[in-house]
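Since the structure comes first, as C-alpha cells, the remarks are kept for the end.
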Amino acid sequence: MKNYCLKPDFPSLRLLSRSSTKSFKINHSIIDQPNSLHTINKKNLSIITSDELKNEINQQWFEQDYWMNQGRLLGANSGRGSTWVIKSEWGKWVLRHYFRGGFYAKLNRDRYFWTGLKNTRAFKEYQLLTELQNLNLPSPKPVAAMVVKKGLSYRNDLIMEHVQHKMTFAQGLRNEQISNEQISHEHQSDKKSALPIDTWQRIGRTIAQFHHNGIYHSDLNAHNILLNGEQVFLIDFDKGKIRTPKPHWQQDNMSRLKRSIEKISNSSCDTQLSQQWQSLLDGYHA
Numbered sequence: 632m633k634n635y636c637l638k639p640d641f642p643s644l645r646l647l648s649r650s651s652t653k654s655f656k657i658n659h660s661i662i663d664q665p666n667s668l669h670t671i672n673k674k675n676l677s678i679i680t681s682d683e684l685k686n687e688i689n690q691q692w693f694e695q696d697y698w699m700n701q702g703r704l705l706g707a708n709s710g711r712g713s714t715w716v717i718k719s720e721w722g723k724w725v726l727r728h729y730f731r732g733g734f735y736a737k738l739n740r741d742r743y744f745w746t747g748l749k750n751t752r753a754f755k756e757y758q759l760l761t762e763l764q765n766l767n768l769p770s771p772k773p774v775a776a777m778v779v780k781k782g783l784s785y786r787n788d789l790i791m792e793h794v795q796h797k798m799t800f801a802q803g804l805r806n807e808q809i810s811n812e813q814i815s816h817e818h819q820s821d822k823k824s825a826l827p828i829d830t831w832q833r834i835g836r837t838i839a840q841f842h843h844n845g846i847y848h849s850d851l852n853a854h855n856i857l858l859n860g861e862q863v864f865l866i867d868f869d870k871g872k873i874r875t876p877k878p879h880w881q882q883d884n885m886s887r888l889k890r891s892i893e894k895i896s897n898s899s900c901d902t903q904l905s906q907q908w909q910s911l912l913d914g915y916h917a
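See the structure below:
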C-alpha cells in the first residue's frame, strides 16, 4: 500500500477568476464601510462593537472579575490562559485578552507598539471576523473589541460568540492515538479511526472555502479547528489577513496544518494517518 508520509506538496488550489478577484477586492474593504461597526472613544480607550450593542456595552465586559462576581464565568479555553468562556444576556461568549508569545513575552506580556487604532490586533481581528460572517464562512461572530492606549503602547481584548462544538480536531487526533496505542503490535490491522474519513474530507473542504475567499489564517493548526457533528469551524484569526488567492500562501497554510497533525499524532509516516491526510487533501481539492 502506498505510504504518502504526509507529503507537503499540494496541487495548486483553483484561483478566483479575474472578475471574481475584482469583486473580492471591493467586498473586503471593511474600513470603507462605516456602518459595519460602531466605535466608542473615551480618553485613551476605544471600544468597537455593532450598532446593536453600542448602547449596552461598557468597559467591564472586558474584565474577567466582572463576570466571575456574577457567577457567569464558565471556564477557560486552552491556550495561554487568556481566553475565558462567559455567559452573557445575549448568549455564551468568549473573552480573550491578547498576550504576547515567544521571545517578546519575556520582555512584555501584553503591550504592543501603538501605530493607530486601525492597526491594533483586536481591531483588525474584529474586522476580519465581521467579513467572515458576511461571507458565511464557519467562524466566530465578533461581539466587541477594546483597545486601551498608554503612551506609545496599548493593550487589547476581544469578545466573540462561543462556537458550539464537541471537540477540537486536536482532541480527535489524541483520542485516536490513545485508542491505537492500546492495540498490541500483533493486531495492527485492528486499528480504528476515531475521526471518520468524511470528517477529514469536510475539514479539507472547509479550509478550501476560506482559501477561495482569500482568507489567510496565520496559525492554522489542529487546535484551531472545531468539530461539531458534520460542522467544521475555524477559530483564532489573530494576525489573519485577506489576500489575493495564490498557491504559495495557501500551501504554507496547509504545510503548517500538516506539521501540527504530525506533532499531535507523533508520527509522519504512519500508513493510516497518511491515508487520512490524503482524504483531507481530497476534500480540499474537491
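Each residue of the sequence shown is one higher than the one before, counting from 632 in our numbering. Backbone N, C-alpha and C define an ideal beta-carbon position, used for all residues, glycine too. All values derive from a computational prediction rather than experimental measurement.
- Around the beta carbon of M699, a 10 Å sphere encloses fewer than 16 other beta carbons of the protein chains shown; the residue is thus reported as exposed.
- Taking the CA atoms as reference points, Q903 sits about 35 Å from V725.
- Between H854 and T799, the C-beta spacing is below 9 Å.
- Note: M777 is bridge-paired with I678 and D788 in the DSSP secondary-structure output.
- Between L668 and S681, the C-beta gap is smaller than 9 Å, which places the two residues in contact.
- The beta carbons of F864 and L857 sit about 4 Å from each other, so the pair counts as a contact at 8 Å.
- Counting only runs of 3 or more residues that sit fully inside the stretch 816-887, the beta strand (DSSP E) segments are 856-859 and 862-865, in chain order.
- Counted as a single uninterrupted DSSP element, the beta strand (DSSP E) harbouring G722 occupies residues G722 to H728.
- Fewer than three pairs of CB atoms, one per stretch, sit closer than 8 Å, so the stretch 828-840 makes no contact with the stretch 714-730.
- The alpha carbon of H879 has as its nearest neighbour, out of H842, I895, S896 and Q907, the alpha carbon of H842.
- Of the other Cβ atoms in all chains shown, fewer than 16 fall within 10 Å of the Cβ of D696; this residue is therefore exposed.
- Closest in alpha carbon position to V794, among W692, Q764 and S905, is Q764.
- Between Y757 and I679, the C-beta spacing is below 9 Å.
- Assignment of W745 by DSSP, reduced to helix, strand and coil, places it in the coil class.
- Judged by DSSP secondary structure, T670 falls within the beta strand (DSSP E) whose first and last residues are H669 to K673.
- At the C-beta level, N675 and K772 stay beyond 9 Å of one another.
- DSSP links T714 through a beta bridge to R727.
- The Cβ-Cβ distance between I892 and L768 does not fall below 9 Å.
- DSSP places G706 inside the beta strand (DSSP E), whose first and last residues are L704 to A707.
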